[in-house]
Structures are given as C-alpha cells and as structure tokens.
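*Asks:* Questions regarding the structure given below will be posed in turn.
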Ligand code: HEM
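Residue numbers (the working numbering): 12 to 151.
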C-alpha cells in the first residue's frame, strides 16, 4: 500500500478506536444483520470478543507500513479461525460489515479516498488469512 493510503487508514482507525467498544458492537450487529447464522459461531462474551477484534485490528493497522512484521501472526489467527467454523466466504461478509461500521462511525470523514484505502487494507488482510487457512486456490 502507498504511504498516503496507510496514513488514511491509520488516522481513521485512530478516531474509531477512541470509541472501540461502540465500534465493535456496531460491527457485530452489522455482521449478524448480513448473516444471522454467524451468531452461532461465537460462544463467548461479545464485549470481550469485540476487545480482541479491535486489538488485533489495531496491530494490523499499526503495522501497515511494514506488513511483513504482522503477517505471520495474521496467518496463525486465520488457521485458528478454521477451528471456529469460519469458512472462506465469510471474509467478504466481515469486509462489508467493517466498511458499514466505518461509514457509520466516521460519517463525512469516511471519504471515497479513505474508503478505497480501507478496501486495499482489508483485501491484504483477508487474502492473507484465506490463503493461510484454505490455500491459494480457494483464496479468490
Ligand atoms: C478479517 C479479519 C479478522 C480478524 C482480525 C479477527 C480477529 C479475531 C480475534 C483476535 C479473535 C480471538 C481469538 C483468537 O485470537 O484466535 C477472533 C475469534 C473469532 N472470530 Fe475472528 N477475526 C477476523 C475474521 C473473522 C471472520 C471472517 C469470521 C467469520 C464469521 C470470524 C469469526 C470469529 C469467531 C467465530 C471467533 C471465535 C469466537 C469464540 O471463541 O467464541 N472472524 N477473531
């Protein structure tokens, strides 16, 4: 990703992270609106789950200038997700829920440019995860 795009993602995430519990709750309600059956995959407290998600996203976002430092941990995360019952096609739904959440949280600051930068960042994250978990041939 280009430097400017990484900056856009980092600045917008910093704003959203100030209200992290709220962002996480919005994210899961968007996700379960897209596919209510996904709710059954989650067994724990959703507030705790939201904290884990936001912490992991923060690590990815913080390291977007040097993604190779974080990608091994991302691949391990993806492999753990197979055991949670997560399938390759779920990643697109999570991407949609994430974009909707950011649009709600950032309002007019979620410009077309910021949206495009997030699309690239999520593509990098989700492609890395799907490849690690399901293999390159099923990553598309
Ligand atoms: C795209 C990037 C994603 C990130 C950064 C992420 C992050 C996390 C983290 C940090 C955990 C805590 C457990 C662990 O570290 O192994 C977790 C658990 C989980 N995630 Fe994700 N996740 C992602 C994608 C997905 C997708 C696509 C799904 C599909 C619905 C999903 C469903 C789950 C489930 C079911 C759990 C376990 C919940 C439980 O133990 O009850 N995640 N995720």
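Where a beta carbon is used, it is the ideal one built from N, C-alpha and C, also for glycine.
Considering only C-alpha positions, which residue in the set 114, 80, 76 is nearest to residue 34?
*Replies:* Per the Cα distances, 114.
*Asks:* Kindly list the residues whose CB is nearer than 6 Å to the CB of residue 125, restricted to its own chain and excluding five residues on each side of it in sequence; keep chain order.
*Replies:* Excluding residues within five positions, the ones whose Cβ falls inside 6 Å are 19, 23.
*Asks:* Measure the C-alpha to C-alpha separation of residue 110 and residue 116 and round it to an integer number of angstroms.
*Replies:* Cα-Cα distance, rounded: 10 Å.
*Asks:* Should residue 12 be counted as a contact of ligand 1 given a C-beta to heavy atom distance under 7 Å?
*Replies:* Checking the Cβ of residue 12 against ligand 1 gives no.
*Asks:* In angstroms, rounded to a whole number, what distance separates the CA positions of residue 143 and residue 30?
*Replies:* Roughly 31 Å separates the two Cα atoms.
*Asks:* Could you give the distance in angstroms between the alpha-carbon of residue 81 and the alpha-carbon of residue 105?
*Replies:* Cα to Cα, residue 81 sits roughly 20 Å from residue 105.
*Asks:* Quick test of your reading: residue 85 and residue 97, contact by CB under 8 Å. State the CB separation rounded to the nearest angstrom.
*Replies:* Going by Cβ atoms, the distance from residue 85 to residue 97 rounds to 14 Å, so no, they are not a contact pair.
*Asks:* Note down the Cα distance separating residue 79 from residue 55, rounded to an integer number of angstroms.
*Replies:* Those two C-alpha atoms are separated by around 31 Å.
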